[in-house]
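Take 291 as the starting number for the sequence shown in the working numbering and just add one per residue.
The beta-carbon is built from N, C-alpha and C at its ideal position, and this holds for glycine as well.
Structure record follows, encoded as C-alpha cells.
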Amino acid sequence: MMERWEKRTQTPLLILAVAFGVAYAVPIVAPDADRWIHESCLVVEWVVWGAFAVDYAVRLALSPAKWQFVRGHPLDLLAVLLPLVQPLRLLRLVSTLLLVGRRARMAPQITLTTYVAGAVVGLMMFGSLAVLHVERNAPNGNIKSLGDAVWWSFTTMTTVGYGDHAPTTGLGRVLAVGLMLSGIALLGVVTANIAAWFISRFERDDAAERRQTELLEALTREVQELRVEVSRLAAPTAAQAPTAAPAPTPPPGALVPADRAAAGDGP
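Written as C-alpha cells, this is what we have:
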C-alpha cells in the first residue's frame, strides 16, 4: 500500500515543489510587488509544506512498523516539525527541500546523475535567494542583488571563496556553512561517480580480454587433443597395411633363370 501511495503521489508532490520554488522566489526577486502577490505566495508555501506533511502522515499510517518508519526517516520528521517550532520562511524552505530530496531519491526513474544535477541547481538557486533575503537589508552587507547572490553561491558551493562577496549576518553565515557542506558532499558524490564509471569501464575491458584469452587457451587445447586423436587413429592403420610377399624359394637342384642362361639352355 505504501509503495502504491508513493508511486501515485510522486509527480504531484514534485509539481507542488516547483510551485513552492516559484512562491518562495517571487517576493525576494520582486519585493515591491503588490501585497496580494506576497500573501498568495505565502499561502502557496504553507500549502506545499502541508501537502508534504500529509504525505508523511499517510506513509506513517500505511507503514506496518511505524516505529521503524520514524527511526528510518528522521529527516522527514524534522522537516515536518521544523516550521511549526519557528514559522520562518527559511525554515519552510529547508524543510521543503529536505522532503523533496527524500521523495526524489525514492523515484526509481531518477538516476544519480540527474539527482546530483538537480540538487546542485536547486541548492544554488535557493541558497542565492535565501542569502539575498537575509543580506539585502544588512547594514554592512555586500550582497545586494540577485547576481551577487548567485555568484556568491557558486563560489561557496565550489569551495573557491574569492571573498569579494560574503555574508555579514549570523543567519547568512549559517547559510554559508550549509552551502559549503552541501557543495563538498555533492562534489564528493560526483567524483565518486566518475571514478566508479572509469573503474567499471576498465573492469569491462579486463573481462573482455580475459574471455578472449580463455577462448584462445580452450582452442589451443582442442587443437592439441585433435592432434593426439588423429595420431591415435592413424597408428593402427599403418600397422595393418599389407606387405609384399617374399619370392618362393626354388627346390634343391632346380636352376634359376640366370643359371639356365649360363648353361646355354633355351627358354
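DSSP-derived helix/strand/coil call for N432:
Taking the sequence shown and counting its residues from 1, the one referred to as residue 432 is at position 142. Correct three-state label for N432: coil.
Residues in its own chain within less than 8 Å of G451 by CB, not counting five upstream and five downstream?
The residue given as residue 451 occupies position 161 in the sequence shown. These residues qualify, in order along the chain: T445.
With DSSP run on the structure shown, which of helix, strand or coil describes M414?
Walking along the sequence shown from the start, residue 414 turns up at place 124. The answer is helix: DSSP assigns M414 an H, G or I state.
Does the Cβ of H523 have 16 or more other Cβ atoms within 10 Å, making it buried, or fewer, making it exposed?
The residue given as residue 523 occupies position 233 in the sequence shown. First, the residue type needs correcting, since residue 523 is Leu and not His in the sequence shown. With fewer than 16 Cβ atoms within 10 Å of its Cβ, L523 is classed as exposed.
Roughly how many angstroms lie between the CA atoms of T299 and K356, to the nearest whole one?
If you number the sequence shown from 1, residue 299 lands on position 9. If you number the sequence shown from 1, residue 356 lands on position 66. Cα-Cα distance, rounded: 20 Å.
G453 in three-state terms, based on DSSP:
On the sequence shown, residue 453 is found 163 positions in, with the first residue counted as 1. In this structure, G453 counts as coil in the three-state DSSP scheme.
Candidates L471, S353, M414, V424: which alpha carbon is nearest T459's?
The residue labelled residue 459 in the question sits at position 169 within the sequence shown. Ranking L471, S353, M414, V424 by Cα distance to T459 puts V424 first.
I need the boundaries of the alpha helix (DSSP H) containing S353, first residue and last residue.
Residue numbering aside, residue 353 sits at position 63 when the sequence shown is read from its first letter. Per DSSP, S353 belongs to no alpha helix (DSSP H) and is neither H nor E.
Taking only three categories from DSSP, how would you classify P364?
Counting from 1 along the sequence shown, the entry for residue 364 is found at position 74. Three-state DSSP puts P364 in a helix.
Rounded to the nearest angstrom, how far is the Cβ of C331 from that of V316, given a contact under 8 Å?
Translated into positions along the sequence shown, residue 331 becomes position 41. Translated into positions along the sequence shown, residue 316 becomes position 26. Correct: roughly 5 Å between the Cβ atoms.
Which of helix, strand or coil DSSP assigns to R426:
Looking up residue 426 in the sequence shown gives position 136. Here R426 sits in coil by DSSP.
So within the stretch 456–530, which uninterrupted alpha helix (DSSP H) runs reach at least 4 residues, ignoring any that extend past its ends?
460–529
Using 10 angstroms around the beta-carbon of W487, count the other beta-carbons present and answer buried if the total reaches 16, otherwise exposed.
Reading the sequence shown from its first residue, position 197 is the one you call residue 487. It counts as exposed.
Compare the C-alpha of M447 against each of A341, A497, E507, A475 and name the closest.
To locate residue 447, count along the sequence shown from 1; it is residue 157. For the residues A341, A497, E507, A475, the minimum Cα distance to M447 belongs to A475.
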